[in-house]
Amino acid sequence: MHSIEPIPEKAWLLRIFLGEGDRYDHKPLYEVIVKRAKELGLAGATVLRGSMGFGAQSRLHTARVLRLSEDLPMVIEIVDEREKIDRLLREAVEVLAGGLVTLEQVTVVHYRPHGEKAVED
344 MHSIEPIPEK
354 AWLLRIFLGE
364 GDRYDHKPLY
374 EVIVKRAKEL
384 GLAGATVLRG
394 SMGFGAQSRL
404 HTARVLRLSE
414 DLPMVIEIVD
424 EREKIDRLLR
434 EAVEVLAGGL
444 VTLEQVTVVH
454 YRPHGEKAVE
464 D
């Protein structure tokens, strides 16, 4: 079975808000950031696609049926120890043209792969 490194109970949540149309080196920026997080050995990443939102420019982005936006809001969420988050964060802010980045301390309640049973003491 695949062994994973534990995340400390007191960990950090990195959230990166960007647009679906944001690119880096002709690739979707959210994909670039998630792949880099994997290369750096972070515990995991989730990309959420919003159906509506606006940012610093107050331009509304929506996924209405009659008017599909090509730049819907995206959020990347990553939880891990602070040192690993900081490594990714330094690189991520360099490639972000716009958007919002937040960082907050969280309590990890449960983390293990699907199908793996809890280890009994």
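Numbering (our numbering), first residue to last: 344 to 464. All residues carry an ideal CB built from backbone N, CA and C; glycine is no exception.
Counted as a single uninterrupted DSSP element, the beta strand (DSSP E) harbouring Asp423 occupies residues Pro416 to Asp423. Shown here for Glu363: same chain residues with a beta carbon closer than 6 Å to its own, the five before and five after excluded, namely Asp414, Leu415 and Met417 in chain order. The residue from Gly387, Tyr454 and His457 with its alpha-carbon nearest to that of Arg358 is Gly387.
Spanning the alpha carbons of Glu374 and Ile428 requires a straight line of approximately 17 Å. Excluding its 5 nearest sequence neighbours in each direction, Leu446 has C-beta neighbours in its own chain below 8 Å: Trp355, Leu356, Leu357, Arg358, Ile428 and Leu432, listed in chain order. Straight-line spacing of the CA atoms in Lys370 and Arg425 works out to 27 Å.
Following the DSSP letters along the chain, one finds Ile350 in no alpha helix (DSSP H), marked with neither H nor E. Assignment of Tyr454 by DSSP, reduced to helix, strand and coil, places it in the coil class. When rounded, the separation of the alpha-carbon atoms in Ile421 and Lys378 is 12 Å. Within its own chain, the residues whose Cβ lies closer than 8 Å to the Cβ of Val438, once the five positions on either side in sequence are excluded, are Tyr367, Leu372, Val375 and Ile376, listed in chain order.
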